[in-house]
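Colleague:
In the numbering used here, the protein residues as written are 183 to 593.
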């Protein structure tokens with residue numbers, strides 16, 4: 183029996199692609215290897231969103247180039263030439279072709295990406311609802327890698343969720359480059375998809391992945407109403423990227439700071455869940471005044487999570503042609519954002535001390551602990567003996583900026 187090893191980097195969409203590839207090879211009776219040395223074939227599912235990540239990918243590809251190596255993911259699609267420069271014998275598998283994996287490992291069967299089987303990650307099932315996007319962000323190489331928006335048909339999304347829940351999924355993660363763009367190419371939309379998912383039977387929760395602010399326009403109320411469903415995590419990942427309207431325009435992101443603040447404010451008022459945002463530090467031509475505007479916007483938002491990226495030019499993007507800011511200045515701006523990240527992470531978790539929260543246990547943690555998620559998708563370190571997939575009541579007794587800690591109320 184042939185064996186295959188998978189190594190995955192990057193976003194939830196990449197991990198969903200790996201779940202599909204694992205599902206395909208398991209159905210073909212391949213064995214999943216635990217290390218590259220034990221495998222007949224090695225698949226690296228790559229990320230190329232920033233320069234630092236790309237360099238790490240290339241180092242790893244060189245380390246494994248003596249294996250029967252298949253490079254998948256965004257690097258394979260956006261920059262196949264840099265992979266072939268390492269070794270021309272390396273197989274290239276772009277995200278759009280993950281259903282063809284078997285043809286690269288001696289098989290013949292090909293699957294449609296949307297209907298291919300998916301592997302569970304413990305009790306977590308990842309479902310990619312769309313590939314590509316409708317945006318044209320000037321800094322983004324992922325657009326080159328994944329292309330224009332292609333939404334999965336509603337019935338195939340529902341079918342995949344049903345299969346995953348039947349196989350034991352307790353948490354379904356809906357993923358895409360932009361979940362709010364879902365369906366705009368097939369006369370559907372995200373709220374309609376959610377309504378259909380909520381009609382499925384089964385004991386599971388749903389996390390909706392990242393939404394771009396410009397894709398929400400025109401269906402703001404419908405998006406907010408999605409969170410009325412009890413099985414939807416009260417979690418909104420809404421990238422800000424900059425608090426300066428001038429920089430947002432240069433980024434090619436068609437919304438304003440005021441629009442963002444208005445929608446995020448309504449979410450916090452009506453839903454009251456976790457707000458996660460992304461910020462790029464040191465975008466080309468970002469002045470100190472522009473950055474200060476971002477800081478002021480963050481202070482108004484007080485988000486639970488701030489994902490910070492120092493700008494790095496990506497090949498073939500419009501932003502890479504502009505005046506780049508010194509790395510020392512990008513580092514300094516990133517430090518200031520990190521202080522706010524820790525401040526609001528702690529500030530928003532402190533009031534939860536002493537509260538009792540229903541937590542879904544999703545995976546083992548360190549040193550006899552378990553990791554779970556509460557209704558707001560806060561990560562919770564559980565310092566009690568529990569079972570993965572179980573929903574338990576946890577009393578919160580400690581916190582960091584990144585997670586809560588607690589014990590079962592009935593040990």
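Every residue, glycine too, gets a C-beta built ideally from N, C-alpha and C.
For residue 489, which option in 466, 499, 460 and 506 has the closest C-alpha, if you only look at C-alpha atoms?
Modeller: 460
Colleague: What residue range does the alpha helix (DSSP H) around residue 163 cover?
Modeller: For residue 163 there is no data in the structure shown, the boundaries of the chain being 183 and 593.
Colleague: Going straight from the alpha carbon of residue 317 to that of residue 325, what length do you get?
Modeller: Going by C-alpha positions, residue 317 is about 8 Å away from residue 325.
Colleague: Please report the straight-line C-alpha distance between residue 567 and residue 328, rounded to a whole angstrom.
Modeller: 42 Å
Colleague: Cutting at 7 Å between CB atoms, please list the residues of its own chain near residue 596, excluding the five before and the five after it.
Modeller: Only positions 183 to 593 of the chain appear in this structure, which leaves residue 596 out of reach.
Colleague: Measuring alpha carbon to alpha carbon, tell me which of 192, 263 and 382 ends up nearest residue 345.
Modeller: 382
Colleague: Should residue 546 go down as buried or exposed, given a rule of 16 or more other Cβ atoms within 10 Å for buried?
Modeller: So residue 546 counts as exposed.
Colleague: Check for me: the alpha helix (DSSP H) holding residue 509 runs from which residue to which?
Modeller: For residue 509, the uninterrupted alpha helix (DSSP H) run begins and ends at 509 to 531, by DSSP.
Colleague: Can you list, in chain order, the residues of its chain whose CB lies under 8 Å from that of residue 511, leaving out five sequence neighbours each side?
Modeller: 464
Colleague: Does the contact criterion of 3 or more C-beta pairs under 8 Å hold for the region 449 to 459 versus the region 401 to 414?
Modeller: yes
Colleague: Of all the options 370, 483, 525 and 502, which has the alpha carbon lying nearest to the alpha carbon of residue 404?
Modeller: 370
Colleague: Which whole-angstrom value describes the C-beta separation of residue 376 and residue 299, a residue pair presumed to lie in contact below a C-beta threshold of 8 Å?
Modeller: Actually they are not in contact, since the Cβ atoms of residue 376 and residue 299 sit about 23 Å apart, beyond 8 Å.
Colleague: Whole angstroms are fine: how far does the CA of residue 470 sit from the CA of residue 509?
Modeller: 14 Å
Colleague: Skipping 5 residues on each side, what residues in its chain have a beta carbon closer than 7 Å to that of residue 427?
Modeller: 438 and 439
Colleague: Using the rule of at least 16 other Cβ atoms within 10 Å of the residue's Cβ for burial, across every protein chain shown, is residue 335 buried or exposed?
Modeller: exposed
Colleague: Could you tell me which uninterrupted alpha helix (DSSP H) segments, each at least 4 residues in length, are contained entirely in the region 463 to 515, listed from first to last along the chain?
Modeller: 470 to 483
Colleague: Between which residues of its own chain and residue 201 is the CB-CB distance below 7 Å, once the five residues before and five after are set aside?
Modeller: Closer than 7 Å at the Cβ level, and outside the excluded window around residue 201, lie 300, 301, 303 and 308.
Colleague: Assign residue 422 to one of three DSSP states: helix, strand, or coil.
Modeller: Here residue 422 sits in coil by DSSP.
Colleague: So, under 8 Å CB-CB, residue 480 and residue 430 are touching, yes? Tell me the CB distance rounded to an integer number of Å.
Modeller: Rounded, the Cβ-Cβ distance is 14 Å, inconsistent with contact.
Colleague: Is the beta carbon of residue 254 less than 8 Å from the beta carbon of residue 226?
Modeller: Contact: yes.
Colleague: Could you round the C-beta distance between residue 417 and residue 530 to whole angstroms and report it? I think they count as a contact, below 8 Å.
Modeller: About 13 Å separates the beta carbons of residue 417 and residue 530, which is beyond the 8 Å limit, so they are not a contact pair.
Colleague: Hey, out of 535, 321, 487 and 549, whose CA is closest to residue 467's CA?
Modeller: 321
Colleague: Is it right to say residue 183 is buried, meaning 16 or more other beta carbons lie within 10 angstroms of its own, or is it exposed?
Modeller: exposed
Colleague: Based on Cα-Cα distance, which residue from 268, 269, 274 and 297 lies nearest to residue 281?
Modeller: 297
Colleague: Measure the C-alpha to C-alpha separation of residue 586 and residue 515 and round it to an integer number of angstroms.
Modeller: 27 Å
Colleague: Between the Cα of residue 474 and those of 487, 518, 234 and 575, spot the shortest distance and give me the residue it belongs to.
Modeller: 518
Colleague: Around the C-beta of residue 348, are 16 or more other C-beta atoms found within 10 angstroms, so that it is buried, or is it exposed?
Modeller: Label assigned to residue 348: exposed.
Colleague: Going by alpha carbons, who is nearest to residue 262 out of 400, 305 and 229?
Modeller: From the listed residues 400, 305 and 229, the smallest Cα separation to residue 262 is found for 229.
Colleague: Contact defined as beta carbons within less than 8 Å: I believe residue 342 pairs with residue 542. What is the distance between those atoms, to the nearest angstrom?
Modeller: Not really, about 20 Å apart at Cβ, beyond 8 Å.
Colleague: Just the Cα atoms here: how many angstroms apart are residue 339 and residue 505?
Modeller: When rounded, the distance between both Cα atoms is 43 Å.
Colleague: Is it buried or exposed, residue 527, if we count other Cβ atoms within 10 angstroms and call 16 or more buried?
Modeller: buried
Colleague: Where does residue 315 sit, in a helix, a strand or coil, going by DSSP?
Modeller: Residue 315 falls in the strand class under three-state DSSP.
Colleague: How is residue 409 classed by DSSP in three states: helix, strand or coil?
Modeller: Correct three-state label for residue 409: coil.
Colleague: Excluding five sequence neighbours on each side, which residues of the same chain lie with their C-beta closer than 6 Å to the C-beta of residue 332?
Modeller: 313 and 314
Colleague: Is the CB-CB distance between residue 578 and residue 540 below 8 Å?
Modeller: Not a contact, by the Cβ cut-off of 8 Å.
Colleague: So the candidates are 354, 379 and 258; which of them puts its Cα closest to the Cα of residue 276?
Modeller: 258
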